[in-house]
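Engineer:
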Amino acid sequence: MSNPSTPVSVLIGNLPPLVREELVCLLRREPAWQVVPVQPARGRIAAMARQYQVDLVIADESGMMELAELAQVHPVPVILYSAFSLGGARLRQATRWNVHDYFGPWIPQESPSFSDWRLYLLQKLQSVVAQPVTFAQALPEAGPTSLPSGIVVLGGSTGGSAAVESVVHQLLPSNCAILVAVHLPAVFTQTLVDRLRRVTSLPVVNGKAGTILTPGKIIVMPGGGNTTIKTATGTPWISWQTSFIEAELHAPNNLPSIDLLMQSVVQTTGRPTLGVILSGLGNDGTQGARAIRQRGGQVIVQREAAVAAMPQSVLQAGYADQELSLKDIPGYINQFALRARPGRRLVSSFSPATQL
Numbered sequence: 001m002s003n004p005s006t007p008v009s010v011l012i013g014n015l016p017p018l019v020r021e022e023l024v025c026l027l028r029r030e031p032a033w034q035v036v037p038v039q040p041a042r043g044r045i046a047a048m049a050r051q052y053q054v055d056l057v058i059a060d061e062s063g064m065m066e067l068a069e070l071a072q073v074h075p076v077p078v079i080l081y082s083a084f085s086l087g088g089a090r091l092r093q094a095t096r097w098n099v100h101d102y103f104g105p106w107i108p109q110e111s112p113s114f115s116d117w118r119l120y121l122l123q124k125l126q127s128v129v130a131q132p133v134t135f136a137q138a139l140p141e142a143g144p145t146s147l148p149s150g151i152v153v154l155g156g157s158t159g160g161s162a163a164v165e166s167v168v169h170q171l172l173p174s175n176c177a178i179l180v181a182v183h184l185p186a187v188f189t190q191t192l193v194d195r196l197r198r199v200t201s202l203p204v205v206n207g208k209a210g211t212i213l214t215p216g217k218i219i220v221m222p223g224g225g226n227t228t229i230k231t232a233t234g235t236p237w238i239s240w241q242t243s244f245i246e247a248e249l250h251a252p253n254n255l256p257s258i259d260l261l262m263q264s265v266v267q268t269t270g271r272p273t274l275g276v277i278l279s280g281l282g283n284d285g286t287q288g289a290r291a292i293r294q295r296g297g298q299v300i301v302q303r304e305a306a307v308a309a310m311p312q313s314v315l316q317a318g319y320a321d322q323e324l325s326l327k328d329i330p331g332y333i334n335q336f337a338l339r340a341r342p343g344r345r346l347v348s349s350f351s352p353a354t355q356l
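Take the sequence shown: its letter number 183 is residue 183 in the UniProt record's numbering, and every next letter is one higher.
1. Buried or exposed: which applies to residue 198, given that a residue is buried once 16 or more other Cβ atoms fall within 10 Å of its Cβ?
2. Could you name the residues of the same chain whose beta carbon sits closer than 6 Å to that of residue 114, not counting the 5 residues immediately before and after it, in chain order?
3. Is residue 40 buried or exposed, if buried means 16 or more other CB atoms sit within 10 Å of its CB?
4. Check whether the stretch 286 to 302 touches the stretch 185 to 203, taking contact to mean three or more Cβ pairs, one atom from each stretch, closer than 8 Å.
5. Using the beta-carbon count (16 or more within 10 Å), is residue 25 buried or exposed?
6. Going by the beta-carbon positions, is the gap between residue 330 and residue 180 smaller than 8 Å?
7. What does the alpha-carbon distance come out to for the pair residue 250 and residue 204?
8. Considering Cα atoms alone, identify which of 104, 60, 213 and 284 is closest to residue 319.
9. Flag this pair as yes or no: are the beta carbons of residue 232 and residue 245 separated by less than 8 Å?
10. If you count every other CB in all the chains shown that lies within 10 Å of the CB of residue 316, and 16 or more means buried, which is it?
11. Closer than 6 Å by C-beta to residue 100: which residues in its own chain qualify, once you throw out the five before and the five after it? Chain order, please.
12. Is residue 325 buried or exposed, if buried means 16 or more other CB atoms sit within 10 Å of its CB?
13. For residue 244, which of helix, strand or coil comes out of DSSP?
14. For a test of your reading of the model: does the CB of residue 122 fall under 7 Å from any non-hydrogen atom of the ligand HEM? Yes or no.
15. Which word fits residue 255, buried or exposed, when buried means at least 16 other C-beta atoms lie within 10 angstroms of its C-beta?
16. Might you give, ordered along the chain, the residues of its own chain that have their beta carbon closer than 6 Å to the beta carbon of residue 221, omitting 5 neighbours on each side?
17. Based on DSSP bridge pairs, tell me the residues matched to residue 9.
Given below as structure tokens:
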């Protein structure tokens, strides 16, 4: 740890570009802080922290995967940046890798709250610097996984399996997780998985309980029951997984429920989300589309679907951003995946009293 009379040396990781730029400017105006003049590439945080002998590391939530190595080679206090609320229990577990707190979302300099935010942030950073550190003796048995930059949910019923197959065939590799929910009996879930595997090089898996959402993976929700997304437990690393739930539905044939899946995605992950409602009977997906739109996500529906009830329900409720033909939907998804970047929007409110 640095001498009180010398500036605190800080290494800032791969934060969202605008956040990193403003944070660097803020700290460089403070005599008590000295920012390392380079941005470490992924996988280089530990090496650069040791090279520059820094006193503090600021990382984003996905940078947690490098902190076990950091605790081995150059143990220093760590604070995370996240545009979304991070669970206190998870961070308390991560103190073994010297993660002591988090801050965010960022407040832009032009905001009337910025002056208070600046003092709040500097006090939080100083508090973290004063925390004790632990020298890790070994890497964890199970390391973290990369977080998807966005979530795409494909939902359908009658005629939906063929529509999903057509869409998936043209999807490009991306950092988004792709979730598929089609109303099917449980015995036909693996058949749909096998069909999708034949038309894409992307990994396709049957979404058993506890399946982790990872970039580029297509997860098919099992038929005959309901699946939601929840925060993974039993690990200090931030991740999300599938979970089976019991839920009474007015239409018991709507299994897995597209509404429940979409609602859980936006409530749990906070990631940019795209809902895609394909061919099907009924109105499942309409309330899920509503939840996605309320959280700033996007919804598209299939035009001229084999069975138009589900897409038309979303369209008539006013929750669809666009109605697209089946051949145009993959291109829309690919463009969404390119744009999906968590934490890009700056939020103009915060609570200095927020604690872990």
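In this text, a Cβ means the ideal position worked out from N, Cα and C, and glycines have one as well. Values in this document were obtained by computation on a predicted structure and should not be read as measured data.
Structural biologist: So, to answer that:
1. Working through the sequence shown from its first residue, we reach residue 198 at position 198. Residue 198 comes out exposed.
2. Counting from 1 along the sequence shown, the entry for residue 114 is found at position 114. Once the five neighbours on either side are set aside, the close Cβ partners of residue 114 are 107.
3. Walking along the sequence shown from the start, residue 40 turns up at place 40. Flag for residue 40 reads buried.
4. no
5. The residue given as residue 25 occupies position 25 in the sequence shown. Classification of residue 25: exposed, given that the 10 Å Cβ count is below 16.
6. Position 330 of the sequence shown holds residue 330. Position 180 of the sequence shown holds residue 180. Contact flag unset, no.
7. Here residue 250 corresponds to residue number 250 of the sequence shown, with the count starting at 1. Here residue 204 corresponds to residue number 204 of the sequence shown, with the count starting at 1. Since pLDDT at residue 250 reaches only 47, below the 50 mark, its modelled position is unreliable, and no value is offered.
8. The residue labelled residue 319 in the question sits at position 319 within the sequence shown. For residue 319, the nearest C-alpha among the options comes from 284.
9. Residue mapping note: residue 232 aligns to position 232 of the sequence shown, counting from 1. Residue mapping note: residue 245 aligns to position 245 of the sequence shown, counting from 1. No, they are not a contact pair.
10. Within the sequence shown, numbered from 1, the residue matching residue 316 stands at position 316. Classification of residue 316: exposed, given that the 10 Å Cβ count is below 16.
11. Mapped onto the sequence shown, residue 100 falls at position 100. 77, 128 and 131.
12. Counting from one through the sequence shown, the residue named residue 325 turns up at place 325. Label assigned to residue 325: exposed.
13. If you number the sequence shown from 1, residue 244 lands on position 244. Note: residue 244 maps to strand in three-state DSSP.
14. This structure simply doesn't include the ligand HEM, nor any ligand for that matter.
15. Within the sequence shown, the letter at position 255 stands for residue 255. With 16 or more other Cβ atoms within 10 Å, it is buried.
16. The residue labelled residue 221 in the question sits at position 221 within the sequence shown. So the list reads 181, 207, 227 and 256, once near-sequence residues are dropped.
17. Sequence index remark: in the sequence shown, residue 9 carries index 9 (1-based). Its beta-bridge partners are 34.
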